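In this note's numbering, the protein residues as written are 380 to 665.
Even glycine gets a Cβ: it sits at the ideal position worked out from N, Cα and C.
The structure displayed is predicted, hence computed values, not measured ones.
Worksheet: the structure to be examined is printed underneath.
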């Protein structure tokens, strides 16, 4: 019976991994296919603030008007999806990756386009970067699940909240023009990082072999790639200069996409939508 169960799980894993690669191909095919359309057709698919519709809310994130914009977003998508796929596969949770891609094809495009309406303007919006930012926030969750699977112990979810607020602080203080608002947001992010991450750090310091355990984590190639991709994409998504000619980088929707992606991934992780997690162990003497 145990052998049969193991075989079924392996078959399920193989199916999930295969489907994940298919979805990557589908998303890239859609984006590239739309770019081959006539420019007038692509303009009709853009999301206009003054004349919004559900159809263009969905299509606009997949549309690009220049080859450079297209190449940049495809490169980011391949980087984040590749890192997410590798972590999910090694942690044997392909459903985390599949859920992220399904959301990228269904929920994220419309939701993020409509959230643009919170700041009215006479303009149009388009491009896959907002969806990429939502996918970026699945990386910390994938890293946590990978660590749990490798070490056989649960990672406190408060550490994920600490990582999120630390990244928000970094975005506000290092990746955007200085202002009283960004300084306030940055300091609030640091405070929340200490609030959520402090108890975890103190608890880990009391455990035997904690230093060796975390040294192994820091030196793990999969984690280096995942964390490196996460930090690199955050740094490039929030440039100091947001205007170039007639094009303006929409850092607002980048931030909203990042926050929406984290909320989706975090709640799905907490509620175990990606499969059962490693259970927390009882308290042990240090």
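With distances taken between CA atoms, residue 422 lies nearest to 443 out of 523, 408 and 443.
The Cβ-Cβ distance between residue 431 and residue 488 does not fall below 8 Å.
Of the candidates 497, 457 and 403, the residue whose Cα lies closest to the Cα of residue 429 is 497. By the neighbour-count criterion, in which 16 or more other beta carbons inside 10 Å mark a residue as buried, residue 609 falls on the buried side. A residue is called buried once 16 or more other Cβ atoms fall within 10 Å of its Cβ, and residue 594, having fewer, is exposed. When DSSP reads this structure, residue 504 sits in a beta bridge with 426. In the displayed model, residue 442 falls within coil according to three-state DSSP, outside both helix and strand. In the three-state reduction of the DSSP assignment, residue 431 falls in the coil class, being assigned neither a helical nor a strand state.
Here residue 560 is actually not in contact with residue 645; their C-beta atoms are around 25 Å apart, not less than 8 Å. With a cut-off of 8 Å on Cβ pairs, the region 454 to 463 is in contact with the region 504 to 515, counting three or more such pairs. In this structure the region 590 to 604 does not touch the region 476 to 487; the number of beta carbon pairs closer than 8 Å is below three.
Inclusion of residue 402 and residue 480 in the CB contact set at 8 Å is warranted, their separation being smaller than that value.
For residue 416, the number of other beta carbons within 10 angstroms of its own is below 16, and it is reported as exposed. From the listed residues 649, 638, 648 and 650, the smallest Cα separation to residue 494 is found for 638.
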